[in-house]
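Chemist:
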Amino acid sequence: MKKVLIIDTSMLCVWLKVPKMETCGTDEDKWDFGRVDRYIEEEIEASTTLVLPLATIIETGNHIAQASGNRYQLAQSLAKIVTSAADEQSPWAAFTDQSVLWEAENLKNLATEWPALASQQISIGDATIKTVAEYYTQAGFRVEILTGDSGLKAYQPTTPAPTPRRRRRSG
Numbered sequence: 000m001k002k003v004l005i006i007d008t009s010m011l012c013v014w015l016k017v018p019k020m021e022t023c024g025t026d027e028d029k030w031d032f033g034r035v036d037r038y039i040e041e042e043i044e045a046s047t048t049l050v051l052p053l054a055t056i057i058e059t060g061n062h063i064a065q066a067s068g069n070r071y072q073l074a075q076s077l078a079k080i081v082t083s084a085a086d087e088q089s090p091w092a093a094f095t096d097q098s099v100l101w102e103a104e105n106l107k108n109l110a111t112e113w114p115a116l117a118s119q120q121i122s123i124g125d126a127t128i129k130t131v132a133e134y135y136t137q138a139g140f141r142v143e144i145l146t147g148d149s150g151l152k153a154y155q156p157t158t159p160a161p162t163p164r165r166r167r168r169s170g
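Using numbering that gives the first Met the number 0, you'd call the opening residue of the sequence shown number 0 and step up by one each time.
(1) Which stretch, first to last residue, makes up the alpha helix (DSSP H) that contains Trp113?
(2) In whole angstroms, what is the alpha-carbon distance linking Thr59 and Thr82?
(3) For a quick check, are the C-beta atoms of Asp31 and Thr25 less than 8 Å apart?
(4) With distances taken between CB atoms, is the gap from His62 to Val17 smaller than 8 Å?
(5) Does DSSP put Ile121 in a helix, in a strand, or in coil?
(6) Quick check on the burial criterion: 16 or more other C-beta atoms within 10 angstroms. Buried or exposed for Trp101?
(7) Is DSSP giving Thr146 helix, strand or coil here?
(8) Within the same chain, show all residues whose beta-carbon is closer than 7 Å to that of Arg34, passing over the 5 residues directly before and after it, in chain order.
(9) Hey, could you find the ends of the beta strand (DSSP E) Leu73 is sitting in?
(10) Decide if Thr48 is buried, meaning its Cβ has at least 16 other Cβ atoms within 10 Å, or exposed.
(11) Determine the closest residue to Pro90 out of Glu42, Ala110, Met20 and Gln97, with distance taken between C-alpha atoms.
(12) Take Leu151 and list the residues in its own chain whose beta-carbon comes closer than 8 Å to its own, dropping the five residues that flank it on each side.
(13) Taking buried to mean at least 16 other C-beta atoms within 10 Å of its own C-beta, is Ser149 buried or exposed?
(14) Check Ala160 in the structure and name its three-state DSSP category.
(15) Determine the burial state of Ala92: buried for a count of at least 16 other Cβ atoms within 10 Å of its Cβ, exposed for fewer.
(16) Going by beta carbon distance, what residues of the same chain come within less than 6 Å of Tyr154, once the five residues before and after it are set aside?
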């Protein structure tokens with residue numbers, strides 16, 4: 000089963016080295032640039048497809064625009080990744096694969112579901128990342144959300160084991 004790795008804002012900011020966002024996760028499970036970079040490179044070597052949700056693009060862009068340091072260089076790095084996803088350049092999934100999630104009916108579903116999530120302190124960005132994960136799971140992929148946020152990680156779909164096929168008895 001093909002795997003997709005959905006990259007959350009926290010990890011993308013660490014990977015891009017956005018100032019004041021160089022680490023994420025808990026004290027017991029800290030992620031820094033070296034760990035994120037190694038993990039993503041291992042996944043690429045394993046032919047995992049990387050997925051960049053719209054929320055991750057927007058939130059990371061907001062963090063870059065507010066960062067100290069060379070915002071232009073950081074923005075160029077993010078722009079390169081966004082362009083690769085838009086062009087479906089390996090290892091990135093085509094960004095257009097997610098376009099169905101932004102159609103009217105799906106936006107209405109988000110509007111219906113999000114207030115309950117917000118009451119649990121789940122942001123609308125995280126709610127959309129959860130939806131992206133569910134979308135890829137339903138499409139038959141094994142899904143991992145790469146995040147330092149244990150609340151979002153809890154929404155990572157579990158992939159059911161394939162149902163064994165019965166052998167036909169001859170005779």
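Even glycine gets a Cβ: it sits at the ideal position worked out from N, Cα and C.
Modeler: So, from the data block:
(1) Ala103 to Ala117
(2) 15 Å
(3) no
(4) yes
(5) coil
(6) exposed
(7) coil
(8) none
(9) Per DSSP, Leu73 belongs to no beta strand (DSSP E); it is in the alpha helix (DSSP H), Arg70 to Ala85.
(10) buried
(11) Glu42
(12) Asp7, Ile121, Asp125, Ile128, Lys129 and Ile144
(13) exposed
(14) In this prediction, Ala160 scores a pLDDT of 48, lower than 50, which makes its location untrustworthy; the coordinate-derived value is nonetheless stated afterwards. Note: Ala160 maps to coil in three-state DSSP.
(15) buried
(16) Lys129
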